[in-house]
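Student: Before I ask anything, here is the structure I am working with.
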Amino acid sequence: MAKTKKDAPQHEIAELSQGDADDVTRRSFRGAVGEAEHITLEIAGRSHPVVDIGSHGLGILLADGNALAPGQSHDLTLALGSRTFRLKGVVRHVTRDDEAGAFHCGIQLLDLDHQAETELQALVLRQRHHLFGRAAR
């Protein structure tokens with residue numbers, strides 16, 4: 005049986021396979037972000053395109069699985085098109101994504117102000133509507 009996130013020591017988290025990512029339980033919808041949406045995250049001095057986003061979290065791809073570690077807190081700059089938000093976040097997982105040839109890093113957004121929360125929820129609703137049509141309302 006493969007190790008799951010719960011069993012792995014902190015330094016081994018980045019070595020989990022994509023199949024182990026199924027053990028991550030999400031409480032809210034996170035939709036894929038396309039390049040045309042121009043959503044980026046600056047964390048630890050580097051800018052990354054956002055690959056998925058929800059109302060309280062997002063995902064980025066990292067070339068190096070050790071660049072960020074689960075449990076680390078960071079100051080973040082989230083750019084949603086022309087809007088920029090300064091936020092705080094904590095790295096929740098770093099898992100290998102063999103298909104992308106990179107590491108998927110999930111970040112929980114903390115202490116969102118009203119404007120950031122409103123913008124993120126509007127984005128998620130648009131994504132859900134686009135994916136699921138009327139059923140997402």
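The numbering of the sequence shown is my numbering, which starts it at 5 and goes up by one.
We put the CB at the ideal spot given by N, CA and C, even for glycine.
It should be emphasised that the depicted structure is a prediction, and the values quoted were computed from it without experimental measurement.
(1) Is it buried or exposed for Thr122, if we count other Cβ within 10 angstroms and need 16 for buried?
(2) Taking Thr88 as the reference, give the member of Arg132, His133, Leu66 and Ser51 with the closest Cα.
(3) Taking the alpha-carbon positions, what's the Leu65 to Leu129 distance?
(4) Measuring only the C-alpha atoms, how far is Ala104 from Val98?
(5) Going by DSSP, what residue range makes up the beta strand (DSSP E) through Leu113?
(6) So what does Ser51 bridge to, in DSSP terms?
(7) Alpha carbon to alpha carbon, how far is Ala120 from Leu113?
(8) How many Å lie between Ala73 and Val95 at the Cα?
(9) With a Cβ-Cβ cutoff of 9 angstroms, do Cys109 and Ala83 count as a contact?
Tutor: To lay it out plainly:
(1) Along the sequence shown, read from residue 1 onward, the residue named residue 122 stands at position 118. Classification of Thr122: exposed, given that the 10 Å Cβ count is below 16.
(2) Walking along the sequence shown from the start, residue 88 turns up at place 84. By alpha-carbon distance to Thr88, the top candidate from Arg132, His133, Leu66 and Ser51 is Ser51.
(3) On the sequence shown, residue 65 is found 61 positions in, with the first residue counted as 1. On the sequence shown, residue 129 is found 125 positions in, with the first residue counted as 1. When the Cα atoms are used, Leu65 and Leu129 turn out to be separated by approximately 23 angstroms.
(4) Translated into positions along the sequence shown, residue 104 becomes position 100. Translated into positions along the sequence shown, residue 98 becomes position 94. Taking the straight line joining both Cα atoms gives about 13 angstroms.
(5) In the sequence shown, residue 113 corresponds to position 109, counting from 1. Here the beta strand (DSSP E) through Leu113 covers Ala106 to Leu114.
(6) By 1-based counting over the sequence shown, the position of residue 51 is 47. Beta-bridge analysis with DSSP links Ser51 to Glu46.
(7) Taking the sequence shown and counting its residues from 1, the one referred to as residue 120 is at position 116. Taking the sequence shown and counting its residues from 1, the one referred to as residue 113 is at position 109. Their Cα atoms are separated by approximately 10 angstroms.
(8) Translated into positions along the sequence shown, residue 73 becomes position 69. Translated into positions along the sequence shown, residue 95 becomes position 91. The straight-line gap from Cα to Cα measures roughly 6 angstroms.
(9) Here residue 109 corresponds to residue number 105 of the sequence shown, with the count starting at 1. Here residue 83 corresponds to residue number 79 of the sequence shown, with the count starting at 1. Taking 9 angstroms as the Cβ cut-off, Cys109 and Ala83 do not qualify as a contacting pair.
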